[in-house]
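Residue numbers (our numbering), protein chains in the order written: chain A, 57 to 228; chain B, 18 to 219. Working notes, structure below.
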Amino acid sequence: MNRRVLLIGVLVTVPLIGVLAMSFGRDPHEIRTPMIGRTAPSFTLRDVATNKEVSLESFRGRPVVVNFWATWCAPCLEEHATLVSTARSLGSAVQFIGVVYEDTPDETREFLARNGHSYPSLLDEDGQTAIAYGVYGVPETFFVNSAGSVAAKYTGPLTFDLITQNIQMASK
Amino acid sequence: MTGPAAFLLVLLSAAAAADERRPVAAPNATDVVGAPNGPPLSGDALDATTKEVASLLRCPVCQGSSVWDSPATMAVNMKHKVRELLADGYDQGQILRYFENSYGEFVLLAPSKKGIGLLVWVLPVVLLIAGGFIVWRVVCQAPAVAGESRILDVEIAPTELPGREMLPADPALAKYVLAVRDLAYGRPQANSPTAARASEVH
């Protein structure tokens with residue numbers, strides 16, 4: 057009887073430990089996205105600064121960094137200067153696009169005037185672009201390769217190293 | 018500036034403000050789930066189906082709330098998207114697929130009945146059957162256990178039982194018996210009041 061109880065115990069606990077072990081090596085803060093390898097959802101939105109239409113399609117042929125951000129988001133402020141300077145240093149080799157999430161044009165313009173900008177920031181008024189990309193919160197950044205597919209996604213504030221590593225992945 | 022001119026200026030600036038907020042072209046659902054399968058909905062049918070479909074979607078920024086129940090801006094935007102897709106003629110399956118495409122299966126409140134999601138549906142039933150089987154086995158074995166206990170029910174003459182005043186031969190056990198007596202009766206050497214009364218009578 058004891059042997060049977062032991063066997064049942066082993067049969068119940070081993071698969072349970074197996075299921076838990078599958079997640080041991082995973083960063084609990086990492087949000088998986090099914091978008092990797094898929095064609096990045098196309099969009100045409102207005103640049104908050106110039107009011108001109110900007111389309112993702114128009115940058116096909118070079119890597120694009122699509123950064124979802126908002127003025128009310130502290131980590132977005134933290135990464136903003138790095139994004140602006142990296143975009144400046146990389147020039148036309150890589151296109152940076154900011155997609156402004158749950159925010160207003162006035163707040164965005166004021167933020168950009170105060171903190172500088174070197175690439176278009178587009179207003180996603182109803183959050184439809186964020187939904188199409190499966191955005192949970194800000195900042196979230198998608199690295200789109202020259203063929204228009206999502207090569208990588210990063211959740212949280214970016215550093216120069218993270219930006220260049222992900223751009224390298226998008227450039228392969 | 019004259020009144021009509023000022024009014025016109027206000028109208029124009031309001032239109033310009035609305036224009037700069039409007040997305041020129043949001044991502045297209047047809048690229049993801051193909052052309053709409055159903056008829057475009059409107060009126061009460063649109064309201065009811067929006068509620069039905071939004072209740073099946075998990076709000077990504079909430080703790081277990083559906084898109085329909087959550088007041089979060091993200092959930093409100095998703096609700097609008099569901100309504101817009103229904104008004105365009107997309108059916109429930111297409112809309113769920115549209116959201117699953119960008120957020121993964123996590124966005125569905127009820128997991129799909131395929132792959133690992135099937136376990137969620139099947140495992141409770143399997144466990145229920147296994148539990149029922151175990152209970153049945155225990156109940157069926159109960160008479161056998163009762164049979165075993167009948168062996169113990171053989172009458173033993175009172176003289177063969179150790180007296181209440183006796184202590185076990187093992188000193189370690191005896192120590193515990195004394196401790197229990199102390200707890201129960203207040204003194205280590207005391208017997209139960211019933212036993213004491215019985216000994217007084219004899």
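Beta carbons: idealized from backbone N, C-alpha and C, even for Gly.
Would you give the residue range spanned by the beta strand (DSSP E) that residue i belongs to?
i: G154(A); result: 151–157
i: D180(A); result: 177–180
i: L101(A); result: 100–102
Identify the continuous alpha helix (DSSP H) that holds residue i and give its terminal residues.
i: L190(B); result: 188–202
i: L63(A); result: 58–77
i: P131(A); result: 130–146
i: V191(A); result: Taken as a continuous stretch (DSSP letters only), V191(A) belongs to no alpha helix (DSSP H), as it is neither H nor E.
i: T164(A); result: 161–171
i: M225(A); result: 216–227
i: D225(B); result: No statement about residue 225(B) is possible, as the shown extent of chain B runs from 18 to 219 and does not include it.
Looking only at DSSP bridge pairs, what is residue i linked to?
i: V122(A); result: I153(A), F198(A)
i: E109(A); result: R102(A)
i: V206(A); result: V200(A)
i: A42(B); result: T100(A)
i: S95(A); result: As written in the sequence, residue 95(A) is Thr, which differs from the Ser given in the question. S205(A), per the DSSP bridge assignment.
i: T211(A); result: E196(A)
Using the rule of at least 16 other Cβ atoms within 10 Å of the residue's Cβ for burial, across every protein chain shown, is residue i buried or exposed?
i: A196(B); result: exposed
i: A46(B); result: buried
i: F216(A); result: exposed
i: Y193(B); result: exposed
i: A208(A); result: buried
i: P71(A); result: exposed
i: D159(A); result: buried
i: G183(A); result: buried
i: V142(B); result: exposed
i: F80(A); result: exposed
i: H123(A); result: With the sequence shown as reference, residue 123(A) is identified as Asn, and His is not the correct amino acid for it. By the 10 Å Cβ count, N123(A) comes out buried.
i: M78(A); result: exposed
i: K98(B); result: buried
i: E69(B); result: exposed
i: N235(A); result: With chain A represented from 57 up to 228, any question about residue 235(A) goes unanswered, as that position is not in the structure.
i: V75(A); result: exposed
i: A92(B); result: buried
i: Q224(A); result: exposed
i: F150(B); result: exposed
i: A96(A); result: buried
i: I133(B); result: exposed
i: S119(B); result: buried
i: P213(A); result: buried
i: R120(A); result: Looking at the sequence provided, one finds Val at residue 120(A) rather than Arg. Answer is buried; the Cβ neighbour count reaches 16.
i: W43(B); result: For the sequence presented, residue 43(B) should be read as Ala rather than Trp. A43(B) should be labelled buried.
i: E135(A); result: buried
For residue i, which residues from the same chain have a beta carbon less than 6 Å from its beta carbon, with the 5 sequence-adjacent residues on both sides left out?
i: S82(B); result: C76
i: Q206(B); result: none
i: F167(A); result: T127
i: D199(B); result: P205
i: S87(B); result: C76, C79
i: M95(B); result: V84
i: T89(A); result: G190, K209
Enumerate in chain order the residues of its own chain whose CB-to-CB distance from residue i is below 7 Å, with the five nearest sequence positions on each side excluded.
i: D180(A); result: L101, V155, V156, Y157, A186
i: E109(A); result: T100, R102
i: L218(A); result: Y210
i: P57(B); result: A104, D105, G106
i: T142(A); result: F216, I219
i: N222(A); result: F199, A208, Y210
i: W125(A); result: C132, G154, V156, Y157, V194, P195
i: L7(B); result: Limits of chain B in this structure are 18 at one end and 219 at the other, which puts residue 7(B) out of reach.
i: E117(B); result: V124, L125
i: P161(A); result: V104, L179
In chain order, what residues of the same chain lie with their CB nearer than 8 Å to the CB of residue i, ignoring the 5 residues before and after it?
i: Y107(B); result: A46, V50, P53, N54, G55, Y115
i: L92(A); result: Checking the sequence shown, residue 92(A) turns out to be Ile, not Leu. The residues are V206, A207, A208, K209.
i: E101(B); result: none
i: G117(A); result: S202
i: E122(B); result: P128, S129, G134
Output, in chain order, the set of chain D residues within a Cβ distance shorter than 7 Å of residue i.
i: V78(B); result: Among the protein chains of the structure shown, namely A and B, there is no chain D.
Legend entry - Complete beta strand (DSSP E) runs within the stretch 71–95 of chain B (minimum length 3 residues, chain order): Here no run is fully enclosed.
Inset, instruction - Please specify which runs of the alpha helix (DSSP H), each continuous and at least 4 residues long, are wholly inside the stretch 94–140 of chain B, giving them in chain order. - result: Whole alpha helix (DSSP H) segments, 4+ residues: 109–120.
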